[in-house]
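Only one structure is covered here, and it is reproduced in the block below.
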Amino acid sequence: PALRDARFTALLHSLQHELDAAMATVETRLQAVRDERLAVQTRWNIAALALTGASVLLVLALQHRSSRLRQRIMDDLARSEAHMRAFAAAVPDVSFVFDAQGTYVDVFGQPDKLLAPATELIGRRYHDVLPTDIAAITDGLLRRTLTTGAITQAEYRLVLDGQPRWFEARAHVLPGEDG
Numbered sequence: 035p036a037l038r039d040a041r042f043t044a045l046l047h048s049l050q051h052e053l054d055a056a057m058a059t060v061e062t063r064l065q066a067v068r069d070e071r072l073a074v075q076t077r078w079n080i081a082a083l084a085l086t087g088a089s090v091l092l093v094l095a096l097q098h099r100s101s102r103l104r105q106r107i108m109d110d111l112a113r114s115e116a117h118m119r120a121f122a123a124a125v126p127d128v129s130f131v132f133d134a135q136g137t138y139v140d141v142f143g144q145p146d147k148l149l150a151p152a153t154e155l156i157g158r159r160y161h162d163v164l165p166t167d168i169a170a171i172t173d174g175l176l177r178r179t180l181t182t183g184a185i186t187q188a189e190y191r192l193v194l195d196g197q198p199r200w201f202e203a204r205a206h207v208l209p210g211e212d213g
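Here the sequence shown is numbered in this note's numbering, starting from 35 and rising by one per residue.
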């Protein structure tokens with residue numbers, strides 16, 4: 035019986051040792067799997083970070099390009115407006131831009147041919163500036179222009195600096211404007 039107990043104990047120790055070795059192997063392999071998963075996750079994180087960084091750089095580059103293009107367009111527009119204003123200043127006639135409510139939006143021409151300085155006209159309605167009869171002529175002229183879409187004209191007499199002067203008014207709708 036004692037020999038049997040000794041063998042049984044030895045067998046138990048042997049099995050315990052093999053079980054401990056197997057558990058150590060499983061834990062080692064499990065740790066290797068965890069380490070591999072961590073390495074894969076780290077690679078994915080690095081890839082995602084790189085992709086995010088590349089996306090941010092692309093957006094910044096596109097925004098910079100758009101900003102440069104917008105600035106070039108604004109510069110071209112300013113140049114074009116300066117040319118148009120220089121041309122309008124050289125023309126001996128006066129020109130007015132009205133909105134649909136009859137408000138002066140822009141005024142071009144020689145100051146001596148205006149009832150008031152251009153800066154005082156802009157933002158005011160022609161009904162508030164012109165004599166009643168001339169405002170009525172302007173009403174008809176603009177109504178015909180807006181109705182037909184064609185260039186219309188009218189003549190009128192206006193007293194400037196105590197001197198009567200005759201004017202020929204021509205009106206047309208500006209491209210891209212809707213009344």
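Even glycine gets a Cβ: it sits at the ideal position worked out from N, Cα and C.
- L53 has no beta-bridge partner at all, per DSSP.
- For L155, the number of other beta carbons within 10 angstroms of its own is at least 16, and it is reported as buried.
- With 16 or more other CB atoms across the displayed protein chains lying within 10 angstroms of its CB, T172 is buried.
- Around the Cβ of I185, a 10 Å sphere holds fewer than 16 other Cβ atoms; the residue is exposed.
- Counted as a single uninterrupted DSSP element, the stretch harbouring L149 is not any alpha helix (DSSP H), since DSSP gives it neither H nor E.
- Within the same chain, P198, R199, W200 and F201 come within 8 Å of R191 by CB-CB distance, once the 5 residues on both sides are set aside.
- In the three-state reduction of the DSSP assignment, V131 falls in the strand class.
- Straight-line measurement puts the Cα of L180 at about 28 Å from the Cα of A120.
- In this structure, DSSP gives R191 an extended state, which the three-state scheme calls strand.
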